[in-house]
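The numbering of the sequence shown is full-length UniProt numbering, which starts it at 1 and goes up by one.
For each residue, glycine too, the CB sits at the ideal point set by N, CA and C.
Quantities reported herein were computed from a predicted structural model and do not represent experimental measurements.
Here's the structure we're looking at; comments come further down.
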Amino acid sequence: MAVETGTQQESVAGRVWTVRLDPHGRLSDGVVRLSCSRPSCADQRIPGGAAAGRRAAIEHVNLHLAGIRAGGGPRSGVWCACRAVDCAWHAPAAPAGRREGARPAAGAVRCGGPVVLTAYADRSGRLWRIAETCARCAAATPGCRVLDTAAPGGAGGTSGTAGGTRTAPGRQAGSRENTGTPAAAPRPVTSMTPTFSDQAPPPPRPSSSPPPSPPAAPLPPPPPVPSPASAVSPPPSPSPAPAPEPARAPEPVTPLSRPRVYTPRPGPLRTKPWGRIAQREVPYGLGPETLRTELVELGDAFRAYQRSAEPDLVVLAELHDRKARAFRLWADASDDDSLRHDAARAEEAARTTREMQANRTGQLLGDGSVVKRMLTRGQGVLARVVVEHVAAHAPCPEPEARLVTLMLTLRAAQAGTGNVTGQDLTGWLQDDAVRVLRQLVDAGWLHLPCTPDEALASRPENATPLTVPELLPDRPRAFRLGKVNRSRLSGWAQKVVGDRKLRKKKLGPATRLLALYTAAHARPDGHLGPQDGAGLPLDRAALFCGLPPGRIAQHAELLVTADWLAEAATADGRLHGRLADRVLSLGGRL
1 MAVETGTQQE SVAGRVWTVR LDPHGRLSDG VVRLSCSRPS CADQRIPGGA
51 AAGRRAAIEH VNLHLAGIRA GGGPRSGVWC ACRAVDCAWH APAAPAGRRE
101 GARPAAGAVR CGGPVVLTAY ADRSGRLWRI AETCARCAAA TPGCRVLDTA
151 APGGAGGTSG TAGGTRTAPG RQAGSRENTG TPAAAPRPVT SMTPTFSDQA
201 PPPPRPSSSP PPSPPAAPLP PPPPVPSPAS AVSPPPSPSP APAPEPARAP
251 EPVTPLSRPR VYTPRPGPLR TKPWGRIAQR EVPYGLGPET LRTELVELGD
301 AFRAYQRSAE PDLVVLAELH DRKARAFRLW ADASDDDSLR HDAARAEEAA
351 RTTREMQANR TGQLLGDGSV VKRMLTRGQG VLARVVVEHV AAHAPCPEPE
401 ARLVTLMLTL RAAQAGTGNV TGQDLTGWLQ DDAVRVLRQL VDAGWLHLPC
451 TPDEALASRP ENATPLTVPE LLPDRPRAFR LGKVNRSRLS GWAQKVVGDR
501 KLRKKKLGPA TRLLALYTAA HARPDGHLGP QDGAGLPLDR AALFCGLPPG
551 RIAQHAELLV TADWLAEAAT ADGRLHGRLA DRVLSLGGRL
């Protein structure tokens, strides 16, 4: 079908590619769904969690970008895709995806500049968007990056402002009024490449072709009325002599159509490097310059660390320290509380990273000694919580019953149930295991499916199940241990109670309870108590061990003879001392 002269071609909106990540199925399965807004892209199910999904989403976005580049890049004659959704991508008052309701008032959103190809990724890592927008919307959208700019006068799609002709409002394209006179030739709309108003002067507008008749000639003033003498002169030749004059004269530009022109500065406009750190763009005008340089280099260092083959926690801790210092200076310069919050998080991350390094290598903070630690700092805290719980809630006051109560509590700490063998019971108590089990069963603290004698005779391949009612999941409890922490704490307690030198000295349950109490409340350097010279309260230690406070010193001396404590002394109601070097790895890292 032929298109009549004077018609307006349909506007083409900018293309949009939207890639999303959503959970699929149960969260424990670790499967995410990758969906794309293009009809040709089918949904994908990505196993491996959010990290694998983000990698697949980035690869999918890169495939679309490669296809766009192969197709010629962004198109110059399209409408802004952001404007098609009422500029909801950057306008705070316009909800995202709004399709109905009142549109923004004229002048509230002003699109302009060349058509650019933009890429946007939200901070949560669940949405990526590629779009053809105008340069102004791209600059106004937070987190949006410009990847390419449409070539001037490109052969891409057409729009109502480029590559077509414009008709008067209310008149259908290609229609003619029934006036009986031939319609005047439509005035073509000249095409001009849109540019930013603060980048360069507008390009010259092409002059219109010579008009076919004097009434249709635009812009040039009408010629003067000829005098009577010239009226009777011979007619001039039919060549259009006055037509070249309007063509040589530049077409006037009104102040409304001509953008402001700034004198370009010599050299490149932006000589400072672009920087990004922690999903934040480093402002171009941030001062002092040393702070901006540190932020840019720090962002590059974090990205280089993420690309490294092996993790180095020492380097990572130093990066977090630098980030904390730089963000505090940045917060002071910009008065931004969110930057102070990120600085505090970086300081906490640095401390946690150093603790992780200490847990991996056994390196003590402060000196150069290396000790293979059995408990982390968090597990040491849990060990002290369990110790305090047993001291306050043991069903029987005797040291033998308190020892068995502690060990069975650690066996059943996760779900209130566990297993025990006769070898375990005889290792804890050589002669009184049956009597102590009967006391715990009679007190209602322990439930066994058999008699205590049968439990004492059970073997590892046929362990006796046990239940501690107060530790069942439906009961209120003072602590909760996961599978890993419960196993680690139970092994730690078994190693302390069954220490070779303690068994060789044939030390009783009260002394072994004191050994466990001192190990749980020892600092990384082995000293007892939270501070230098503080020591441990005798009454708290005596309550846990089932002893009078006056007898703690006697049992502490027994631990010194067994090479469990390097030194021990009591003064002012407190126990002072230090773990021996051979058991330093069992300390609770107070």
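For residue i, which of helix, strand or coil comes out of DSSP?
i, result
"serine 40", "coil"
"leucine 481", "coil"
"aspartate 581", "helix"
"valine 330", "Here residue 330 is tryptophan; the residue named in the question, valine, does not match the sequence. Helix at tryptophan 330."
"glutamate 398", "coil"
"alanine 515", "helix"
"valine 189", "Confidence at valine 189 is low in this model, with a pLDDT of 37, below 50, so the placement of that residue should be treated as unreliable; the coordinate-derived value is given next. Three-state result, valine 189: coil."
"proline 224", "Reliability of the predicted coordinates at proline 224 is poor, the pLDDT of 49 falling under 50, and no value is obtained from them."
"leucine 528", "strand"
"glutamate 281", "strand"
"histidine 447", "strand"
"proline 465", "strand"
"tryptophan 564", "coil"
"proline 537", "strand"
"serine 276", "Looking at the sequence itself, residue 276 is arginine, so the reference to serine does not match. Looking at arginine 276 - three-state DSSP - the assignment turns out to be strand."
"arginine 459", "coil"
"aspartate 321", "helix"
Take residue i as the anchor and find which of the options has the nearest alpha-carbon.
i, options, result
"leucine 466", "Lys501, Cys137, Leu437, Gly482", "Leu437"
"asparagine 419", "Gln430, Met407, Leu429", "Met407"
"alanine 493", "Gly380, Ala50, Leu575", "Gly380"
"leucine 489", "Ala346, Arg540, Thr464, Arg373", "Arg373"
"alanine 520", "Leu536, Ala510, Lys506, Pro509", "Leu536"
"proline 509", "Arg340, Glu400, Val146, Thr18", "Glu400"
"serine 40", "Gly587, Leu586, Val19, Asp337", "Val19"
"alanine 580", "Ile552, Ala522, Gly573, Arg540", "Ala522"
"arginine 574", "Leu528, Pro449, Asn462", "Leu528"
"threonine 293", "Trp17, Ala304, Ser28, Ile277", "Ile277"
"alanine 119", "Ile68, Ala91, Pro397", "Ile68"
"alanine 394", "Leu429, Arg435, Ala350, Leu446", "Leu446"
"histidine 389", "Arg402, Met356, Asp300, Gly378", "Arg402"
"glycine 588", "Ala553, Ala70, Ala515", "Ala515"
"leucine 313", "Trp89, Glu297, Asp453, Ala350", "Ala350"
"valine 484", "Arg411, Glu461, Leu429, Gly546", "Arg411"
"aspartate 148", "Lys504, Arg307, Ser76", "Ser76"
"cysteine 137", "His90, Pro152, Ile46", "His90"
"arginine 486", "Val496, Ala415, Val434, Leu65", "Ala415"
Strictly by DSSP, which residues pair up with residue i?
i, result
"alanine 121", "Trp128"
"histidine 576", "Ala569"
"isoleucine 46", "Val32"
"aspartate 432", "None; aspartate 432 has no bridge partner."
"arginine 20", "Ser35, Leu127"
"tryptophan 79", "Ala13"
"threonine 417", "Thr467"
"alanine 522", "Leu528"
"valine 115", "Cys134"
"cysteine 545", "Partner(s): none; cysteine 545 has no beta bridge."
"threonine 149", "Val116"
Beta carbon of residue i, beta carbon of residue j: below 8 Å?
i, j, result
"glycine 14", "glutamate 132", "yes"
"proline 74", "alanine 140", "no"
"alanine 562", "lysine 501", "yes"
"alanine 326", "leucine 291", "yes"
"leucine 339", "alanine 346", "no"
"arginine 328", "alanine 309", "no"
"threonine 409", "valine 468", "yes"
"leucine 471", "alanine 413", "yes"
"leucine 538", "threonine 518", "no"
"leucine 448", "threonine 426", "no"
"leucine 507", "leucine 558", "yes"
"leucine 286", "tyrosine 305", "no"
"glycine 53", "leucine 34", "yes"
"alanine 317", "arginine 354", "yes"
"glutamate 398", "glycine 546", "yes"
"leucine 584", "valine 282", "no"
"arginine 582", "leucine 565", "no"
"valine 560", "alanine 568", "yes"
State yes or no: is the C-beta of residue i nearer than 7 Å to some heavy atom of the ligand ATP?
i, result
"cysteine 111", "As far as ligands go, the structure on display features none, and thus does not contain the ligand ATP."
Return the Cβ separation of residue i and residue j in integer angstroms, given the expectation that the two are a contact with Cβ distance under 8 Å.
i, j, result
"glycine 143", "alanine 50", "At roughly 19 Å, the Cβ-Cβ gap does not stay under 8 Å, so glycine 143 and alanine 50 are not in contact."
"phenylalanine 544", "valine 441", "That belief does not hold up - the Cβ atoms of phenylalanine 544 and valine 441 are roughly 23 Å apart, past 8 Å."
"leucine 382", "phenylalanine 302", "32 Å between Cβ atoms; not a contact."
"valine 12", "valine 116", "About 16 Å separates the two Cβ atoms, so there is no contact after all."
"tryptophan 428", "valine 497", "6 Å"
Kindly say whether residue i, judged by its beta-carbon, lies nearer than 8 Å to any beta-carbon of chain D.
i, result
"leucine 425", "In the displayed structure, chain D is absent; only one protein chain is listed."
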